[in-house]
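Below: the structure, in structure tokens.
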């Protein structure tokens, strides 16, 4: 997403620059009043701006008189950016209404396809009863299956899928036979099936991880942030071990390989040949019926033919030992692994749920157990630090570009320190107040904000330097630059704020992403502009270098003095004459 955004913004800025130096002058020559005449609206706006300018001049003078107090206050606000960020809720992307709720079914380990299909029809009937349901779909197998509830169009229902989510889970949880795990589809394509997926890696057998897994599951339920939390470590698969009496087999003249082949043929279900019947080919599958394979007892009644031609029951040389085993033996990055997954309740973020499981896993895990992530959780953890790295790279790049432009290391520092951290603090207000979250869209907004707010500081600092080279003192140049640049700063900031206001006011499908980026830019530009108009001048007065008048300016002043002197001499000569 960052790449697409960067390319779009870069192309837009380049085209905007071309328009500014080509089309804008042509349009100005066509539409601006000749001889500087002002229309009624222009005159009214100019009068209002002049009033604002006078108020700003008084406030600026007051700020410069108490500059150290402003510096201290600014430093406190800059330090506050970190807790504002850390105490804001974070997620990969905000939940969007995509008119779909995914459902994952889990059957009992000894279930059959027919049983699973019969039980899943009851689930379909349950979710179809919701008035918001348009239709449902599903696929089933012996182990379970998956499906989905497709809701009506946004305007055809009273509730969003997020509002339906908890009620759907409560309804399908009452259906016996199948466990159902619903999920709101993530707005960004991600692997995995659940909101949160934590992986515990170890080198010990799965049975030895039961205590740790139980502690993590218990912490997840106690947190109150999960609709469900479960694990793929389930040691409930019925297992029957056929124990052969080797001595008895030898007495009967049988061998292990032969007995294994015959039992495999009767129980395995593999076809051994084909036969034709009325021009159709059919498989030959020598297998005992489903009824006899439902339990292990009929196995003992099977008869095996000995080399002597006798048929002896299997019970003659074997007995059955029953036990339970793990349903699956999972590995993750070449190590034994147990996955803990869950679905968070509406009102909580996936990152919050993941932190609960992480803390419990760290507290309960012994030596040799490592934490990893799967599905969307892996993307959250691996890309969660992308903002800090990207934002830091953007600030460094802007600093280097400004250093080359100003030919100074001080002036870029004034621009960035006096505007960027303070604007970011304003941008994080809504997320800190829990009105939105820190997500990939708000991160894009923060990176955009750095460039937009730095532009305001550049306007003031660059013009103040120019005025110093024209002979003004540092204080006079600073004051004049701030007052002169007030109007373009306010106009560009207002254009940015009102241009992004529709994103803040958006509603309906896809509104959460728009709200996130809009809130960051609107509040960041508003707060950042106010700080830029006062903090940047204060930092300039303390840090900026004293620029000497340029030689061209001194020469022009000398020419003006010579012209004035020649004029006076000529006047005196004429008078004397």
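Numbering (my numbering), first residue to last: 627 to 1203.
Just so you know, even glycine gets a beta-carbon here, dropped at the ideal spot from N, CA and C.
Residue from the options with nearest C-alpha to residue i
i, options, result
"residue 736", "920, 976, 815 and 1066", "920"
"residue 639", "1074, 970 and 817", "1074"
"residue 727", "689, 941, 673 and 790", "790"
"residue 896", "883, 910, 884 and 905", "910"
"residue 873", "669, 866, 811 and 942", "942"
"residue 1050", "954, 1132 and 1157", "1157"
"residue 798", "755, 833, 1175 and 838", "755"
"residue 954", "1026, 862 and 974", "862"
"residue 958", "824, 1027 and 935", "824"
"residue 933", "960, 885, 879 and 922", "879"
"residue 999", "680, 1008 and 1120", "1008"
Neighbour-count burial assignment, residue i, 16 or more Cβ in a 10 Å radius
i, result
"residue 1090", "buried"
"residue 898", "exposed"
"residue 676", "exposed"
"residue 573", "The requested residue 573 does not occur in the structure, where the chain is confined to residues 627 to 1203."
"residue 633", "exposed"
"residue 851", "buried"
"residue 904", "exposed"
"residue 701", "exposed"
"residue 653", "exposed"
"residue 835", "buried"
"residue 657", "exposed"
"residue 976", "buried"
"residue 637", "exposed"
"residue 937", "exposed"
"residue 1062", "buried"
"residue 757", "exposed"
"residue 848", "exposed"
"residue 908", "exposed"
"residue 1031", "exposed"
"residue 672", "exposed"
"residue 718", "buried"
"residue 902", "exposed"
"residue 1083", "buried"
"residue 738", "exposed"
"residue 1165", "buried"
"residue 813", "buried"
Beta-carbon proximity list for residue i, same chain, < 8 Å, skipping 5 on both sides
i, result
"residue 1202", "Its pLDDT being 38, under 50, residue 1202 is placed unreliably by the model, and the measurement read from it follows with that caveat. Within the same chain, residue 1202 has no close Cβ partners at all."
"residue 1127", "1144 and 1148"
"residue 1200", "Legend: pLDDT at residue 1200 = 36, less than 50; position of this residue unreliable, value from coordinates given subsequently. For residue 1200, where only same-chain residues beyond five positions count, there are no Cβ hits under 8 Å."
"residue 1055", "710, 1149 and 1153"
"residue 839", "826, 857, 859, 964 and 966"
"residue 831", "962"
Cβ separation of residue i and residue j, assumed to be a contact under 8 Å, to the nearest whole Å
i, j, result
"residue 1052", "residue 1152", "7 Å"
"residue 845", "residue 996", "Between residue 996 and residue 845 the Cβ distance is about 18 Å, and since that is not below 8 Å, they are no contact."
"residue 630", "residue 723", "That belief does not hold up - the Cβ atoms of residue 630 and residue 723 are roughly 23 Å apart, past 8 Å."
"residue 1138", "residue 720", "4 Å"
"residue 1103", "residue 1041", "The pair is not a contact, with the Cβ atoms about 16 Å apart (cut-off 8 Å)."
"residue 770", "residue 742", "7 Å"
"residue 1095", "residue 1173", "5 Å"
"residue 734", "residue 750", "The pair is not a contact, with the Cβ atoms about 19 Å apart (cut-off 8 Å)."
Residues of its chain near residue i, where Cβ-Cβ distance is below 7 Å and the 5 sequence neighbours each way are ignored
i, result
"residue 816", "1001, 1002 and 1005"
"residue 891", "912"
"residue 820", "807, 809, 967, 968, 969 and 1001"
"residue 1069", "1013"
"residue 1193", "Bear in mind that a pLDDT of 44 at residue 1193, under 50, signals an unreliable position, so the model cannot answer this."
"residue 1043", "1165"
Proximal residues to residue i (C-beta, below 6 Å), its chain only, five neighbours per side dropped
i, result
"residue 776", "726, 760 and 761"
"residue 913", "895"
"residue 1086", "1107, 1108, 1111 and 1162"
"residue 1119", "1151 and 1155"
"residue 795", "808 and 853"
"residue 864", "736"
"residue 730", "772, 807 and 819"
For this session: Go through the region 845-924 residue by residue and report every complete run of the beta strand (DSSP E) that reaches 3 residues or more, in order.
Result: Here the runs fully enclosed are 852-857, 863-870, 899-903 and 906-910.
Exercise. Curious, which full-length alpha helix (DSSP H) runs of at least 4 residues does the region 708-773 contain?
Worked result: Entirely contained in the region 708-773, the alpha helix (DSSP H) runs reaching 4 residues are, in chain order, 739-754.
Problem set entry | Residue ranges of each alpha helix (DSSP H) within the region 1026-1104, 4 or longer | Every alpha helix (DSSP H) stretch that sits fully inside the region 1026-1104 and reaches 4 residues is listed by chain position as 1036-1043, 1046-1053, 1055-1058 and 1066-1095.
Problem set entry | alpha helix (DSSP H) segments (min. 4 residues) lying fully within the region 639-709 | Taking only runs of at least 4 residues, the alpha helix (DSSP H) segments lying wholly in the region 639-709 are 649-657, 666-691 and 693-705.
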